[in-house]
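Some notes on the structure that comes next.
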Amino acid sequence: MALMHVVGDVAFSHDSSESWIDGDVRAALSQGLAVANLECVLVAERYTGENLVVHGHTRAARYLKDANIRVVSLANNHIGDLEDRGIAATLEALDEAGVAYFGAGLTEEDALAPLVVEEQGVKMGFVGRQDPLSHPPATNVYAEEDHGGPAKFDLEETLEAGRALRAQGCEVTVCFLHWGVQKVPFLPDWLIEPTRRLLEVFDVVAASHSHILYPAWREGDSVALTGLGNFYFAPLMWQGELLYSKPALDRLAVIASVEVDGGGVTSLELVPTRQGLGEHYPVGLMSGVSRGLVGFFLERFPSRSGTLFRFAWRVHEVRGWGRYVRAQGMKGVARHLNWGLPKKVWSHLVSPRSR
418 MALMHVVGDV AFSHDSSESW IDGDVRAALS QGLAVANLEC VLVAERYTGE NLVVHGHTRA
478 ARYLKDANIR VVSLANNHIG DLEDRGIAAT LEALDEAGVA YFGAGLTEED ALAPLVVEEQ
538 GVKMGFVGRQ DPLSHPPATN VYAEEDHGGP AKFDLEETLE AGRALRAQGC EVTVCFLHWG
598 VQKVPFLPDW LIEPTRRLLE VFDVVAASHS HILYPAWREG DSVALTGLGN FYFAPLMWQG
658 ELLYSKPALD RLAVIASVEV DGGGVTSLEL VPTRQGLGEH YPVGLMSGVS RGLVGFFLER
718 FPSRSGTLFR FAWRVHEVRG WGRYVRAQGM KGVARHLNWG LPKKVWSHLV SPRSR
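Residue numbers (the working numbering): 418 to 772.
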């Protein structure tokens, strides 16, 4: 029997400190093995250019280890923000801190390679993949022969990787994915069937990217944690706005505490967390009514509803237009006033573009 804590996106900045989580969260993660998605690069120098680069200092690797997060997935859309030099610096920092990783690398072979660890006498295997439909990337984002990046999600290849881990003697298998539509709180309909098939092979299917929580569910001896939320996302200045600095749904996350053995998942406890405000934006445990409401959503809401997803996606699309109008003003809106606008609006409602 082994205990594993799974959390979602962790993104440090150069201003992050060892106080990034409070004592209650540290205690909750202290037993067993904690696993997270590290959604940033770790480099010694602060980036001052104009591109969106999510990055923390290399010392943040020690913050992970000190919090008992000893395994991280790197299969995400920010691990390549500083191209191969950023990936190399991140891998070096993690190696020095004693944090194991999977899901990205300096070659496609390295990115696709599984991680195998033994924890509390149980052999565990991990693979990490990023879904191209959830985050349509620019060219050369994914790891290939001649450059690094995250591993690209291909369902059949990922299923085969899970079976190979079983053949290697792994008693517990974990697939950590980066998928979903940002700020839409339901699993995309194109991922419902792939999730079902992944659960036939993997004991734990975990995912992040949407920055908010999705309902979780058990299926046989496996568990689906398809939207873990932002466990810790340091405030980020982008286009004149300080993101992730105000009370919002993207401040909520969950610690999924999973007990596993050779037969699969034996128990699951979902512990809601909230990232605070203030100097260090620390992560703390939720309590009272708010904890109960988040728990109700995680455990009782429909987890695989294409109808709910499509409705929420369209609402998110319309809200995006409102943000654009507020940011650009009437002069910006005037650029789009032509006879083709109704058709464009209708096409976005039929097939939303937001990711």
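We treat Cβ as the ideally placed atom computed from N, Cα and C, and that holds for glycine.
The structure presented is a predicted model; accordingly, all values stated were derived computationally and were not measured.
If you follow the beta strand (DSSP E) that F593 is in, where does it begin and where does it stop? 589-596
Can you check whether the CB of P605 is closer than 8 Å to the CB of F726? yes
Using the rule of at least 16 other Cβ atoms within 10 Å of the residue's Cβ for burial, across every protein chain shown, is V732 buried or exposed? exposed
Can at least three beta-carbon pairs, one atom from the stretch 646-661 and one from the stretch 673-686, be found at a separation below 8 Å? no
Rounded to the nearest angstrom, how far is the Cβ of V488 from that of L532, given a contact under 8 Å? 7 Å
Does DSSP classify H733 as helix, strand or coil? helix
State the DSSP-derived secondary structure class of K540, mapped to helix, strand or coil. strand
Could you say if the stretch 482-501 and the stretch 466-473 meet the contact criterion of at least three C-beta pairs nearer than 8 Å? yes
Identity of the residue in L645, W730, V700, E716 nearest D439 by Cα: V700
Sub-8 Å separation of P664 and I629 beta-carbons: no
Distance between G522 and G515 (C-alpha atoms, nearest Å): 17 Å
From the DSSP output, in three-state form, read off K569 for me. strand
Residues in the same chain with beta-carbon distance under 6 Å from T379, minus the five sequence neighbours each way, listed in chain order, please. What is shown of the chain runs 418 to 772, which leaves residue 379 out entirely.
So, is S436 buried or exposed, given that buried needs 16 or more other C-beta atoms within 10 angstroms? exposed
Evaluate P719 with the Cβ neighbour count: other Cβ atoms within 10 Å of its Cβ, from every protein chain shown; 16 or more gives buried, anything less gives exposed. exposed
What do you get for S404, buried or exposed, if any count of 16 or more other CB atoms within 10 angstroms of its CB means buried? Residue numbering for the chain in the displayed model covers 418 to 772; residue 404 lies beyond these limits and cannot be assessed.
Alpha carbon to alpha carbon, how far is N647 from D536? Give it in angstroms, no decimals. Looking at the sequence shown, residue 536 is not Asp but Glu. Between E536 and N647, the C-alpha separation is close to 25 Å.
F648 (DSSP reduced to helix, strand or coil): strand
Excluding five sequence neighbours on each side, which residues of the same chain lie with their C-beta closer than 8 Å to the C-beta of G586? K540
Exposure of Q448, with buried meaning 16 or more beta-carbon neighbours within 10 Å: exposed
DSSP beta-bridge partners of A419: V677
Need the endpoints of the beta strand (DSSP E) that R635 sits in, please. 634-636
Only counting the same chain, and skipping five residues up and downstream in sequence, which positions put a Cβ closer than 8 Å to that of T612? L604, V622, A641, T643, R721
Excluding five sequence neighbours on each side, which residues of the same chain lie with their C-beta closer than 7 Å to the C-beta of A477? F429, S433, L459
Backbone CA spacing between A673 and H422 [nearest angstrom]: 5 Å
What span of residues does the beta strand (DSSP E) with F519 cover, start to end? 517-519
Mind checking which residues open and close the beta strand (DSSP E) that includes A624? 621-626
Rounded to whole angstroms, what's the CA-CA distance from Q692 to F650? Just pull it up for me. 8 Å
Span of the alpha helix (DSSP H) holding R487? R487 -> not in any alpha helix (DSSP H); beta strand (DSSP E) instead, spanning 486-490.
For T475, three-class secondary structure by DSSP: coil
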